[in-house]
Amino acid sequence: MIDLLTANNISKVDCSSIWRECLKSIKENVTLMTYNTWFLPIKPLQIENSVLKVQLPSQFFWEWIDEHYNTLINRTIKEIIGSEARLTYIISNETEPPDTTPSTTITQNETALTKIKENTKKEFQSFLNPRYTFENFIKGEGNQLARAAASAISDNPGGTSFNPLFVYGGVGLGKTHLIQAIGNKILKNFPEKRVIYLSTDIFTVEFVEAIQSNKANEFTSFYKSMDVLIIDDIQFLIGKEKTQDSFFHIFNTLHQSRKQIIFSSDKPPKDLKGLDERLISRFQWGLTADIQPPDLETRIAILKRKSDDYGMTVSNEILDYIANNITSNIRELEGCLIKLLANASLNSKVIDLELAKKTVKEIATDRKVNISIESITKCVCEYFKIEENKLREKTRKKEIVLARQIAMFLSKEMTKSSLKTIGLHFGGRDHSTVIHACSSIELQKRTDESIKNIILSLTSIIEIKCS
Ligand code: ADP
Ligand code: MG
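The numbering of the sequence shown is this note's numbering, which starts it at 814 and goes up by one.
Structure below.
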């Protein structure tokens, strides 16, 4: 117990230093993750007659703490403040505490609060890339709705009808950029908000690890404690039932407490075949907005802006040429400029139309080169949860045959490999087997909705993983 804390002068003592003492003791009794998640965000407001009043970010937060750390908290405050000590709380998302602090202690309080805020920020990672902002996201017809909704959310997270926001569109069209821009802007507007961005892949891996180490509860409660949850490429949740289930509960808790949820996907919710219907319907509760490939005007604007950013001098004729020849992917537009810059400086050439033509051609070749039979095989096997060598073996088990035929089909569609090479990769089969596989899948794609969806999903998985 701190000496100066007697019943009479306790109200005048800086409640922040008392809480700091409590935190020190708590830190020794819990894991760092628990400490960061549940204790650092607690803000001391006031102490009066041995009653310590604190501010918590949400009701859920309180319930979790009360259920799991009640004994620890009570023991700690009794140790520090005295046997009469009690804790009361208020729920608030306000950055500054309500004006209930005794006036004599305001200055000290503010300093201590700032310290706590800094700690919270430092130890809590949002995983946002600061490069993705609204300022450098070029407006165009194709992204108008998504951008407008994103911007409204940044000013009022959880408070608009766009909850969840579901952004979908093809590869390289700016989904990741836009959803991260929301996160960055929210943190700028409301530095105290708990914003987290992560890809569905990472979410899944973390979930599996949490289960293996018996920490599934800690995992879900961590995400339930967020103010803003941003999840990229949610289509990768397909086929992962347990993760979907855990995600479902996280979604409900956050949505009920009006926390903002943001998703991206390569297709609209209704086309996410194989995803829990309950999730699909929840994804549609807020706003679903697509991002379409940029029109010519937007492509030129993007190229202009990026070439300025890179400090390049490129004539309008060249920008026009690139914009007319790279049409469906903004990442490729960007890649083309960088390549052009590299080609020019490596060969000490000026950036002229001839060099631009050569570079555009290279981009088209790269598109095919990145995707290999190996990477296709890997994605297909992960998708069907089978070992890669099974595709090379002679087995005629139904599901293996299907996976093998799909992998052959995609290898023919997505790489420049010859039928012979493809056959060799799949256990030395000859080219007629590959032809048979391809036509069989082609036919099934037309007659069987589920095969069509598998092919669509796999195509986008492969494109994303190889880009
Ligand atoms: P997606 O997630 O849809 O595959 P990304 O968000 O990764 O696409 O975008 C690919 C690249 O293109 C990124 O470097 C991004 O900054 C850029 N980009 C996409 N859309 C725009 C835009 N409207 N304005 C400026 N840059 C953009
Ligand atoms: Mg992305």
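Quick reminder that beta carbons are idealized off the backbone N, C-alpha and C, glycines included.
Quiz item: Would you call the stretch 1190-1199 and the stretch 1241-1259 in contact, with 3 or more CB pairs under 8 Å?
Solution: Cβ pair count under 8 Å is below three, so no.
Quiz prompt | Paired residues, beta bridge with residue 981 - DSSP | solution = Along the sequence shown, one-based indexing puts residue 981 at 168. BP columns for residue 981 point to 1078 and 1103.
Quiz item: residue 1162 lies in the alpha helix (DSSP H); which residues open and close that run?
Solution: Counting from one through the sequence shown, the residue named residue 1162 turns up at place 349. Counting along the chain, no alpha helix (DSSP H) covers residue 1162, and no H or E run does either.
Exercise. State the beta-bridge partners of residue 1186 as determined by DSSP.
Key: Along the sequence shown, one-based indexing puts residue 1186 at 373. Residue pairing from DSSP leaves residue 1186 without any beta-bridge partner.
Exercise. With a threshold of 16 other CB atoms inside 10 Å of the CB of residue 1281, please say whether the residue is buried or exposed.
Key: Given that the chain is displayed from residue 814 to residue 1280, the structure contains no residue 1281 and the question cannot be resolved.
Quiz item: What's the C-alpha gap between residue 1188 and residue 1182?
Solution: Your numbering for residue 1188 matches position 375 in the sequence shown. Your numbering for residue 1182 matches position 369 in the sequence shown. If you draw a straight line from the Cα of residue 1188 to the Cα of residue 1182, it comes to about 11 Å.
Exercise. Give a yes or no on whether the C-beta atoms belonging to residue 1168 and residue 1156 are separated by under 8 Å.
Key: The residue given as residue 1168 occupies position 355 in the sequence shown. The residue given as residue 1156 occupies position 343 in the sequence shown. The answer is yes: Cβ separation under 8 Å.
Quiz item: Taking C-alpha atoms, which residue in 1171, 1119 and 1081 lies nearest to residue 1134?
Solution: As a first step, residue 1134 is located in the sequence shown; it is residue number 321 there, counting from the start. In terms of CA proximity to residue 1134, 1171 leads the group 1171, 1119 and 1081.
Quiz item: Can you list, in chain order, the residues of its chain whose CB lies under 7 Å from that of residue 1093, leaving out five sequence neighbours each side?
Solution: As a working note, residue 1093 is residue 280 in the sequence shown. The answer, listed in chain order, is 1082, 1083 and 1085.
Quiz item: Distance, Cα to Cα, residue 854 vs residue 1104?
Solution: What you label residue 854 is simply residue 41 of the sequence shown in a count that begins at 1. What you label residue 1104 is simply residue 291 of the sequence shown in a count that begins at 1. As the crow flies, the alpha-carbon of residue 854 is around 36 Å from that of residue 1104.
Practice problem: Pull up the distance between the alpha-carbon of residue 995 and that of residue 1125, whole angstroms please. | Solution: Indexing the sequence shown from 1 puts residue 995 at position 182. Indexing the sequence shown from 1 puts residue 1125 at position 312. Inter-residue distance for residue 995 and residue 1125 is about 29 Å (C-alpha atoms, whole angstroms).
Quiz item: Which residue's Cα is closest to the Cα of residue 1002: 968, 1020 and 1029?
Solution: Within the sequence shown, numbered from 1, the residue matching residue 1002 stands at position 189. The shortest Cα separation from residue 1002 among 968, 1020 and 1029 belongs to 968.
Self-check item: Length-filtered (4 minimum) alpha helix (DSSP H) runs lying within the stretch 963-1029
Solution: The stretch 963-1029 contains, as complete alpha helix (DSSP H) runs of 4+ residues, the segments 988-1002 and 1013-1025 (chain order).
Quiz item: For ligand 1, is there a heavy atom less than 7 Å away from the beta-carbon of residue 1099?
Solution: If you number the sequence shown from 1, residue 1099 lands on position 286. Taking 7 Å as the cut-off, one finds no heavy atom of ligand 1 near enough to the beta carbon of residue 1099.
Quiz item: When burial is assigned at 16 or more other CB atoms within 10 Å of the CB, is residue 827 buried or exposed?
Solution: Reading the sequence shown from its first residue, position 14 is the one you call residue 827. Under this definition residue 827 is a buried residue.
Exercise. Would you mind reading off the limits of the alpha helix (DSSP H) that contains residue 902?
Key: As a working note, residue 902 is residue 89 in the sequence shown. Secondary structure note for residue 902: it is in no alpha helix (DSSP H), and the uninterrupted beta strand (DSSP E) holding it is 899-904.
Quiz item: Expressed to the nearest angstrom, what Euclidean distance is found between the alpha-carbon atoms of residue 908 and residue 1129?
Solution: Along the sequence shown, one-based indexing puts residue 908 at 95. Along the sequence shown, one-based indexing puts residue 1129 at 316. For residue 908, the predicted structure reports a pLDDT of 43, less than 50, and the residue's modelled location is therefore unreliable. A value from the coordinates is still provided. Approximately 48 Å between the Cα atoms of the pair.
Quiz prompt | Per-residue burial, residue 872 [other beta carbons within 10 Å of its own, 16 or more giving buried] | solution = Here residue 872 refers to the residue found at position 59 when the sequence shown is read from its first residue. Under this definition residue 872 is an exposed residue.
Exercise. State the DSSP-derived secondary structure class of residue 1097, mapped to helix, strand or coil.
Key: Numbered from 1 along the sequence shown, position 284 holds the residue referred to as residue 1097. Residue 1097: coil per DSSP, three-state reduction.
Quiz item: Should residue 1044 go down as buried or exposed, given a rule of 16 or more other Cβ atoms within 10 Å for buried?
Solution: As a first step, residue 1044 is located in the sequence shown; it is residue number 231 there, counting from the start. It is buried - the Cβ of residue 1044 has at least 16 other Cβ atoms within 10 Å.
Quiz item: In this structure, what does DSSP give as the bridge partners for residue 799?
Solution: Past the boundaries of the shown model lies residue 799; the chain is included only from 814 to 1280, so the question cannot be answered.
Exercise. Confirm, please, whether the CB-CB distance from residue 1039 to residue 998 is below 8 Å.
Key: Along the sequence shown, read from residue 1 onward, the residue named residue 998 stands at position 185. Along the sequence shown, read from residue 1 onward, the residue named residue 1039 stands at position 226. Taking 8 Å as the cut-off, the beta carbon of residue 998 is found no closer than this to the beta carbon of residue 1039.
Quiz item: Anyone know if the C-beta pair for residue 965 and residue 973 falls short of 8 Å?
Solution: For this step, residue 965 is matched to residue 152 along the sequence shown. For this step, residue 973 is matched to residue 160 along the sequence shown. Closer than 8 Å, so yes.
Self-check item: residue 1063 in three-state terms, based on DSSP
Solution: Translated into the one-based positions of the sequence shown, residue 1063 becomes position 250. When DSSP states are grouped into helix, strand and coil, residue 1063 belongs to the helix group.
Self-check item: Where residue 938 sits in the DSSP three-state scheme
Solution: For the purposes of this step, residue 938 is taken as residue 125 along the sequence shown, with counting starting at 1. Residue 938 falls in the coil class under three-state DSSP.
Exercise. Note the first and the last residue of the continuous alpha helix (DSSP H) segment covering residue 853.
Key: As a first step, residue 853 is located in the sequence shown; it is residue number 40 there, counting from the start. Premise fails: residue 853 is in no alpha helix (DSSP H) and is neither H nor E.
Quiz item: Can you name the start and end residues of the alpha helix (DSSP H) that residue 1223 belongs to?
Solution: Locating residue 1223 in the sequence shown gives position 410, counting from the first residue. Where residue 1223 is concerned, the enclosing alpha helix (DSSP H) stretches over 1211-1227.
Quiz item: To which residues of the same chain is residue 947 closer than 7 Å at the C-beta, ignoring the five residues directly before and after it?
Solution: In the sequence shown, counting from the first residue as 1, residue 947 sits at position 134. Cβ neighbours of residue 947 within its own chain (closer than 7 Å, five residues either side excluded): 964, 994 and 998.
Quiz item: Using the C-alpha atoms, what's the distance from residue 942 back to residue 1277?
Solution: Reading the sequence shown from its first residue, position 464 is the one you call residue 1277. Reading the sequence shown from its first residue, position 129 is the one you call residue 942. Taking the straight line joining both Cα atoms gives about 18 Å.
Quiz item: Cα separation between residue 1184 and residue 1061?
Solution: Within the sequence shown, numbered from 1, the residue matching residue 1184 stands at position 371. Within the sequence shown, numbered from 1, the residue matching residue 1061 stands at position 248. A direct Cα-to-Cα measurement between residue 1184 and residue 1061 gives close to 34 Å.
Quiz item: The alpha helix (DSSP H) spanning residue 1042 covers which residue range?
Solution: In the sequence shown, counting from the first residue as 1, residue 1042 sits at position 229. First-last for residue 1042: 1041-1045, but that is the beta strand (DSSP E), not the alpha helix (DSSP H).
Quiz prompt | Nearest-angstrom beta carbon gap, residue 1225 and residue 1251 [assumed within contact, 8 Å] | solution = To locate residue 1251, count along the sequence shown from 1; it is residue 438. To locate residue 1225, count along the sequence shown from 1; it is residue 412. Their Cβ separation, rounded to whole angstroms, is 5 Å, which keeps residue 1251 and residue 1225 in contact under 8 Å.
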